[in-house]
Structures are given as structure tokens and as C-alpha cells.
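Residue numbers (the working numbering): 42 to 1043. Using N, Cα and C, we set each Cβ at its ideal position, and we do this for glycine too. The model shown is predicted, which means the values in this text are computed figures rather than measured ones.
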């Protein structure tokens, strides 16, 4: 067959045309003595060209021919190969798809004859046929050989298309069943005395139990054991454990013929920490008391397969009622969804995009979605109780629990993904769910799936298309039928019954499913464009609402916003087209009362939630806020209208800040929750403080303009105090301030004082007028002489008072003083006046330190609410805000004159400066910072959830759960949250005892 120099042989060209990639090597193989009789046979080339990998198939055929026992056996194989098309397709199909099975045939060259039969019963063998195929196996090695022979026939039918992926998976499960039985018989034969002591049932779980096994997969099992009559239970369980262990080794251990597959018993109660074999009553006791939601989900697929089948049937009958009650468990749906998310999070980053099984849009997404629906509706509808994914999906569609179109698309996608998985595993018979990166392997997989034009590109396109379908549908699958049940659209489609819809809403966590369904009906019914867009959005929104602590509130609030904005063209377009807006809205509407209340007063603020021109959720700077408010004041007709405009800006910006805080705390699909809790606290404190300062500046301008025109007869400044001065305001904080004025040249002091007092009175009145906007309360109680002293003083009066009468607590309070509005020069001079008081040159005397400690102790005993748990009081409790702040402020009073870094009004900055100056260890500083941040977050959470300020955790379960979600705790973990708070506060209190109360002086 040598071609002329410079020219290709005709065989070479034919080989390329038939799909060979290495035609030169193929020519050499065709020239081998073993294939001499068929060298020019067109039937062989045609058959090889029809395989997934013609080069691989040809090489495997030559190896098989070389392994035959003499020329007669070789001639018999070749004659049968050419004469019998079924054998030709089966044998070459396997050789072109699996090097592992080609290796088996080379070691056992007579096994090709297992592919010759083509009887009707051979097309769909079951457990009995496979048991017959394994019957002669008496040890682990012979069992492996017989297993591979049976596997050869399954693979042959699979690659030739005689059976589909679902049938192949069922046959693999049946072969596994027969293998487990054979392995147990070998184990029993090796220890007949153990077999006599016990009844042992093997329960298949996972894909084997579901009758949908892969080529190479762990076979999940659970063992149930009972004593035979007259046998001690303990002895019987020991015997059963020995048998079960031996059976597992027979299947799992590597021999000269390799292994079969690992037998995994980790789905048993207590996992690998629990006993391998339990009695039936022990299983039930565990499931009734200790089992987690995922364990009932796993039991969906439980099926007795080997050993004492009567005992196995008793086990399944006993656990099934528990399985179908699982959906009644608290936080059932969130638990299942959380487990799915955890699986995705644990995939190595480098593998996520190649994961067929576990990645987004993978096989597990379909399986989880189907199992979730089965568990919710299977209690009432027994037709759904199938362990096989595709059978269950078909039953869900037939019952109206899933839309028929969605079910058909998922069925197609699942079959394609499973086919890919089968072809990948079949090649080397190795357990993997990763799509290979090697182009030759991708080409083989693509051709095996019928993609012949451009196998690699077509495979990637089809894979991504089907994964996209799964990703899009797997969560909506749970929610979309709820809309179909209430939307009253097309007839002829099976729909959820009212009761089934109610069950699903309860499973999602809705406390009032009837009301929730009414809201869905109002939102989704009709043929308007609005209703059509709502029907597209709601399946996703319902999932996000269900991920919150109060789904009912989320759905109700969404209806209110939609009723208010539904006729504005931009609203639904925003939710539909801007990726973040819909999820941000769902988070905000279901996280508590404050943000929805702010939004309902001006629903157009929903535009802030998008990524477009609405400004986004980034808090605006103080200069920007002041510019907008002062411009609105200038346009207004009178002070009342001006302050109304300023309060409107404040409401909108409070909503922006609250929404940013909620979204940052919850996270979204695209952006995980903010890991730095301190950053969220600083964001809220800074934003609310800047907003309050800008609002006061605008209100001051409005009052002065209305009463005096451009110039007030006295210079006037507002000094922020407390959390306001420290840039640490929360959502519900009052504005602690001092007012200072200085008469202008030539102005009588009495006239100036009257003007200043009138300004203060009018500012307070305008900012508290009842309206749709939240009031801004001004608190001036930290002024000299407290409530007994004048509201406003001149700078000279402040100087005289502080020089003669200043008390220790006043110096302490002035640590937080910072000008926030009014005359900048006057504010600066006020700070110059008080700096020597708050940062005394010689620090504090021992008496002053004792006085501060006494003041703090008295404040805690007098202000702590009666009946409150001190350990959970975020402000006054041990390790709370007061503890941390007074400790930091004591260091400022003592060392502020010598350490410039301590001269700040901000707690965290001062704490960091104290650490840098060596006044506190890194560890103690971190402990105090963690406690302060957590306590601040708790107060912010309470305000967001309840809509009113509070210093303690709520007692109402839903509100407590909502605070937990905000703080990063999943459903059902409120107790963990409280424990974590106590631990954090307890550690901080230890530092406070040392640094503040003088256990060790520093």
C-alpha cells in the first residue's frame, strides 16, 4: 500500500474522510497481519467511521485480534464481525468509546461473544439476567470479570443507541443490584456462622436506589440488621457488621482485575461516626429525633436491593411516612436550598465551569428541584413518590405541579447532561463529572452524541444551551406553577390545585398562604403588559422572598409598590432589564419594616435600586447632599415648604442607605454579602450623620431666610454631640447637639440671644411637624446645666461656664463635639475653646477617673430597662456599646493631649490610635472593636426590622429571625446568633474590666 513519493494513498484519503485523525497510524494498523483479510473491505471502514473515535476503535480491534487464541478464533471473530451488523456496531462502538473496556477485551478475548446475541430479552435485561451473568463468580476477581462482561453489553447497547440514557442508567442500577447480591453471597459463604446469626438487608440509596446509576459512581447503601430467632442482638449486629464490611471490600478493593466501585455507607444515621449496621428500631429512633432535612431528602431514593428483602421492605415502609412529613419541618425549603448552595460553594474555583454534576446549571440542580417538589406535594399525591428523577419530573408535570413546557425542557437538558456524563466516564471507567479540556477527548464525546460536523464546537454549544436552560428553570420550577394556579390564563393545562398551591406556599415559609395567593392573583392575572411582565418576574421574586425571614411581608410590600408604580413605564422595565434591581427590591421589601415604610412614602425611590441612572446605592457625600438641600430651600416658598423639601431628601437618602445596608448584609447572586461588618457599620454611621448634618444646614438656612432675610443678627453654629458628632448615627438616633452664637458687631446681645433662641425653636418645630417623612428629633440635653440651662449660649458664655463650672461628665461628653452646620469660623473657635477641657494637658486625676467610673455604674443601674436581659442589651449591657465607648474615651481623656491620634470623635479611629500608641494590645483592641461593631449592627438591625429603635434583640420569632438574617445567620439559627453575641460581649467585658475599671492600671 505504499504511495508514490509526494502523493497520498487513496486509503489515506478514505481514512480521513471516515473520521480518522491519525491516518498514517491507521494505515499501519490496517496493514497488520491480523487485519490482512479485511484490508480493503469497505464495510469495516464504514463501521469504524461510524464510531466515536475511529482511531481508538481500530487500535482496540487489532489488540482484540492479537489476543485471540490462534488463527481459528481470529477468523471466527472477523467472519462474525463482517457478517453480523449488530455485533459490528456493538463491538466497534464500544472499542471507539472506551479504552477501559478495550483493555478488558484484550485480557479476556472471548468476552466479545457476549455481544453477539440479539434476542428480544437481550435488549432490556433486568436484575435476573444480570444475576445469571454473575452466577459463576465465587471470589472478588471472578466477580469483577463477570461484572465487566455484563457492563460490556450495557455499554454496547448504549453507544449504539439501542437504549436511551434513562434505560442505560436503569440497567446499570440493576447490574449494581445483582453485584451487591453476589458480593453478599461471597461474604456469607466465607463466614456462614455470621450469616446464621443475623438478618441483613442492604438498602440502596442515591442513584442506585433511584434506578439511575452512572457507569462509575459510588454505590450508596444503608444496612439494616436484626437478630435471628434465639440470637443475642449485640452478637447479631456484630456478625451483620462483619458481613457488611466484607461485602463492601469485595466490591471496593483493587485486585488484578481492578475494582468494581466503592460502596459508600455514609448516608447512614450519624454518617461515618455512626454504627455501620443498626436495627430497624434504632434507625427509626434516629430519624424521629435527630435527622436533618437532607437525610429525609436522601431517603426519597431508598430501595431494598440485597440480603433480607423482607426486612428491607419493612425498613422502607417504616421510613416513608417520615419522608413525606419532612416538608412540614420549620425552614424546610431554605434548608434544602442552603444545602444546594453549599455544594456549589465547595466546588474548587478552577472546576466550576467544567462541572457537569454539581455546578450551576448541572445535573444536581435538576435533581434538587425535583426532589424539593416531591417532598412538598408527595404526601398528598402518591403518584409523585418515585426515586427516579425523570419519572418524578414526568409525574410532576402530569399533576400540574410543574409546567409542561418547563418539564419538557428540563427532561431534554437532563438527558443530554447525563449522556455527556456517561460518555466521559465510559472512556476510562473512572468516576468524574468534569468535562475534559483535551480537544481529542471533546471530539470523541461530541461524535458519540451524534455531533459529527464540528464535534468540539457543537458539543460546547449544546452543553451551554442545556446548562442555561437548567440554570434558568431550576429555581423558577418551584414558583411558576403558583402563578399559573391563580392567573387564570390558558385552559387545558393541568394546574396546581388550591390546596397544592397552599401547601407550596407553606413550605416556602408563608404564614398566611391564602393572603399570599390573593396577592399573586392580583399581580399576575389579566392580559395586560404589566401582568405579563409580573408573571415573568414573580417566580424569581418569590424565591428571594422565601429566602428572607418574612416572605409574607415581602410579597405584600411588592404588591403595594406595584400598585403605586404599575402604570409608570420605567418601573417594570427597571425590574426586568436591570439585573440587580429586582433582587435588591426583593431583599429590601422582605427584610423588615423600615425600608419598605420609607419606600411606600415615595415609591419612585425604587429607581435607586438599579444600576442605571437612579444613582445606585452608594451613599452621597455631605457636600452633594448640602448642595441639593440648599438648592431646594432656595426654590421653596417659605420655611415650611423648604424644610418639607429637605425632609423629603432625607427620607429618600435614608432609604438609599438602608437598602445598601440590607443588600450588603444579605448579598445577591452576583455579589456576596459584605464580609467586613465594620465597613457596613461605618457606611451607615457616616451616611446617616452626613444626611442629618445636611438636613440641619438646610433647615437653618430656611429659618434664617424667612425670619431675617440673608443675615441673622448673630453668628450661629450647630455642634454635633454624641453619635452625631462621632459620625456614628443609627437609623433611629436623635441628633444630639449644642447651639452656640456670637452677636454681630453693633448688635445688642439681648436681641442676638432672642434671634438665636427663635432659630432653635423654629428648627425643632419644623423638623418634627407630622408628615409622611420621618421626624428628626433634636436633643440639646448635653448643654451646660443640662435641661435647666439655656438652649443657646454665646461663645463667651460657654467659655465662662466651662472655666468655672465644668464637671467631669461634660469634659467627657465634649470628646464627641464637632461642628455640623452654621458659621464655620464660630464652630472652629468653639472647638479651640473646648480642646483643653477634653484633652487636659496633665491627663486625669485619680478622683476624676473614679468619678467617671461612678457615673457609668449609676447610668447602667438607672437606665437599664426593668426585666431586660443585661447580657443581650446592646447599649448598656456588659460588653455593649457603653462599655467599649467609655473605655476608649477614658484613654482619650488621659492621653489625648500627648497622642494626636486620639483627638478624634470617632470610636473606631480612637481605638485604632490607642492601639498604635501602645495603650492597648492588638488582641484587646480587636476584641473591643468586634463587640462595638456587633452591638451597633444589632441596633441597626432592630430598627430595620421593627421600624422603631431598640437596644435589645426582639422576642417575636419572625423579627428575631430577620435580625439573624441581617447578621448573617441562616434560618433556624437564631439561638446561634444569641450565643455568639453573648460570647463576643463576654470577651469585651473582660477587656473593659481590665482597662476601665482598673483591674490593671495602664
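Nearest-angstrom Cβ-Cβ length linking residue 228 and residue 284, presumed shorter than 8 Å = Counted from its first residue, the chain shown places residue 228 at position 187. Counted from its first residue, the chain shown places residue 284 at position 243. Residue 228 to residue 284, Cβ: 5 Å. Contact.
Specify, as a first and last residue, the run of the alpha helix (DSSP H) that residue 303 falls within.
-> The residue given as residue 303 occupies position 262 in the chain shown. Looking at the DSSP string, residue 303 is not in any alpha helix (DSSP H), and its letter there is neither H nor E.
Residue 239 - DSSP class collapsed to helix/strand/coil = Translated into the one-based positions of the chain shown, residue 239 becomes position 198. Of the three classes helix, strand and coil, the one that applies to residue 239 here is strand, per DSSP.
Reduced DSSP secondary structure (H/G/I, E/B, other) of residue 487 | On the chain shown, residue 487 is found 446 positions in, with the first residue counted as 1. DSSP places residue 487 in helix when its eight states are reduced to three.
Enumerate, from N- to C-terminal direction, the unbroken beta strand (DSSP E) stretches of 3 or more residues contained entirely within the stretch 933-997.
-> none
Identify, in the order they occur along the chain, each residue of the same chain with its Cβ nearer than 7 Å to the Cβ of residue 149, setting aside the five sequence neighbours on each side.
-> Along the chain shown, read from residue 1 onward, the residue named residue 149 stands at position 108. For residue 149, where only same-chain residues beyond five positions count, the Cβ hits under 7 Å are 186.
Return the CA-CA distance between residue 1029 and residue 396, expressed in angstroms with no decimal places.
-> Translated into the one-based positions of the chain shown, residue 1029 becomes position 988. Translated into the one-based positions of the chain shown, residue 396 becomes position 355. Rounded to whole angstroms, residue 1029 to residue 396 spans 45 Å at the Cα level.
Delimiting residues of the beta strand (DSSP E) encompassing residue 263 | Here residue 263 is taken as the residue at index 222 of the chain shown, counted from 1. 260-268 is the extent of the beta strand (DSSP E) around residue 263.
Extent of the continuous alpha helix (DSSP H) to which residue 875 belongs | As a first step, residue 875 must be located in the chain shown, where it is residue number 834. Its alpha helix (DSSP H) spans residues 865-879.
Sub-8 Å separation of residue 518 and residue 447 beta-carbons | Taking the first residue of the chain shown as position 1, residue 518 is located at position 477. Taking the first residue of the chain shown as position 1, residue 447 is located at position 406. Cβ distance < 8 Å, so residue 518 and residue 447 count as in contact.
Shortest alpha-carbon distance to residue 552 belongs to which of 372, 515, 407, 706?
-> If you number the chain shown from 1, residue 552 lands on position 511. Of the listed residues, the one whose Cα sits closest to residue 552 is 372.
Whether residue 643 touches residue 692 by CB criterion (8 Å) | The residue given as residue 643 occupies position 602 in the chain shown. The residue given as residue 692 occupies position 651 in the chain shown. Yes. Within cutoff.
Distance, residue 386 Cα to residue 589 Cα = Position 548 of the chain shown, counted from the first residue, corresponds to residue 589. Position 345 of the chain shown, counted from the first residue, corresponds to residue 386. Near 20 Å, if we compare the C-alpha coordinates of residue 386 and residue 589.
At what residues does the beta strand (DSSP E) containing residue 835 begin and finish?
-> For the purposes of this step, residue 835 is taken as the residue at position 794 of the chain shown. Here the beta strand (DSSP E) through residue 835 covers 833-835.
Reduced DSSP secondary structure (H/G/I, E/B, other) of residue 340 = Locating residue 340 in the chain shown gives position 299, where the first residue counts as 1. The answer is helix: DSSP assigns residue 340 an H, G or I state.
State yes or no: is the C-beta of residue 452 within less than 8 Å of the C-beta of residue 431?
-> For the purposes of this step, residue 452 is taken as residue 411 along the chain shown, with counting starting at 1. For the purposes of this step, residue 431 is taken as residue 390 along the chain shown, with counting starting at 1. Cβ distance < 8 Å, so residue 452 and residue 431 count as in contact.
Would DSSP call residue 817 helix, strand or coil?
-> Residue numbering aside, residue 817 sits at position 776 when the chain shown is read from its first letter. DSSP places residue 817 in coil when its eight states are reduced to three.
Top-ranked residue by Cα proximity to residue 496, from 915, 302, 482 | Walking along the chain shown from the start, residue 496 turns up at place 455. Nearest C-alpha to residue 496: 482.
Of the residues 253, 558, 251, 240, which one's Cα is nearest the Cα of residue 270?
-> Numbered from 1 along the chain shown, position 229 holds the residue referred to as residue 270. Comparing Cα-Cα distances from residue 270 to each of 253, 558, 251, 240, the minimum goes to 240.
State the Cα-Cα distance for the pair residue 222 and residue 231, rounded to the nearest angstrom.
-> Numbered from 1 along the chain shown, position 181 holds the residue referred to as residue 222. Numbered from 1 along the chain shown, position 190 holds the residue referred to as residue 231. Going from the Cα of residue 222 to the Cα of residue 231 covers about 14 Å.
Return the Cβ separation of residue 631 and residue 592 in integer angstroms, given the expectation that the two are a contact with Cβ distance under 8 Å.
-> On the chain shown, position 590 is the one that residue 631 refers to. On the chain shown, position 551 is the one that residue 592 refers to. Contact holds; Cβ gap of about 6 Å.
Closest by CA to residue 776, which one among 762, 469, 785, 358?
-> Counted from its first residue, the chain shown places residue 776 at position 735. Among 762, 469, 785, 358, the Cα nearest to that of residue 776 belongs to 762.
Is it true that the stretch 790-803 meets the stretch 657-670, where meeting means three or more beta-carbon pairs spaced less than 8 Å apart?
-> no
What's the gap between the Cα of residue 994 and the Cα of residue 545?
-> Mapped onto the chain shown, residue 994 falls at position 953. Mapped onto the chain shown, residue 545 falls at position 504. Those two C-alpha atoms are separated by around 31 Å.
Around the Cβ of residue 694, are there at least 16 other Cβ atoms within 10 angstroms (buried) or fewer (exposed)?
-> Residue numbering aside, residue 694 sits at position 653 when the chain shown is read from its first letter. Buried.
Cβ neighbour criterion (16 or more within 10 Å) applied to residue 390 = Your numbering for residue 390 matches position 349 in the chain shown. Exposed, because fewer than 16 other Cβ atoms sit within 10 Å of the Cβ of residue 390.
Could you spell out where the beta strand (DSSP E) holding residue 780 opens and where it closes?
-> Against the chain shown, residue 780 aligns to sequence position 739. 776-784 is the extent of the beta strand (DSSP E) around residue 780.
Backbone secondary structure at residue 373 - three-state DSSP = Taking the first residue of the chain shown as position 1, residue 373 is located at position 332. Of the three classes helix, strand and coil, the one that applies to residue 373 here is helix, per DSSP.
If I'm right that residue 842 touches residue 831 with Cβ under 8 Å, what's the distance once you round it to whole angstroms?
-> Mapped onto the chain shown, residue 842 falls at position 801. Mapped onto the chain shown, residue 831 falls at position 790. About 10 Å separates the two Cβ atoms, so there is no contact after all.
Does the pairing of the stretch 623-639 with the stretch 702-713 give three or more beta-carbon distances under 8 Å?
-> yes
For residue 530, which residues from the same chain have a beta carbon less than 7 Å from its beta carbon, with the 5 sequence-adjacent residues on both sides left out?
-> To locate residue 530, count along the chain shown from 1; it is residue 489. In this prediction, residue 530 has a pLDDT of 46, which is less than 50 and means its spatial position is unreliable; what the coordinates show is noted afterwards. Closer than 7 Å at the Cβ level, and outside the excluded window around residue 530, lies no residue.
Looking at the unbroken beta strand (DSSP E) that takes in residue 758, where does it start and where does it end?
-> Stepping through the chain shown from its first residue, residue 758 is reached at position 717. Start and end: 755-761.
Which two residues bound the contiguous alpha helix (DSSP H) that contains residue 126?
-> In the chain shown, the residue the question calls residue 126 occupies position 85. Here the alpha helix (DSSP H) through residue 126 covers 126-136.
Given 8 Å, three or more beta-carbon pairs between the stretch 593-608 and the stretch 563-580 | yes
For residue 263 and residue 246, believed in contact at Cβ under 8 Å, the rounded distance = Here residue 246 is taken as the residue at index 205 of the chain shown, counted from 1. Here residue 263 is taken as the residue at index 222 of the chain shown, counted from 1. Contact holds; Cβ gap of about 6 Å.
Within the same chain, show all residues whose beta-carbon is closer than 7 Å to that of residue 469, passing over the 5 residues directly before and after it, in chain order.
-> Walking along the chain shown from the start, residue 469 turns up at place 428. For residue 469, where only same-chain residues beyond five positions count, the Cβ hits under 7 Å are 140, 141.
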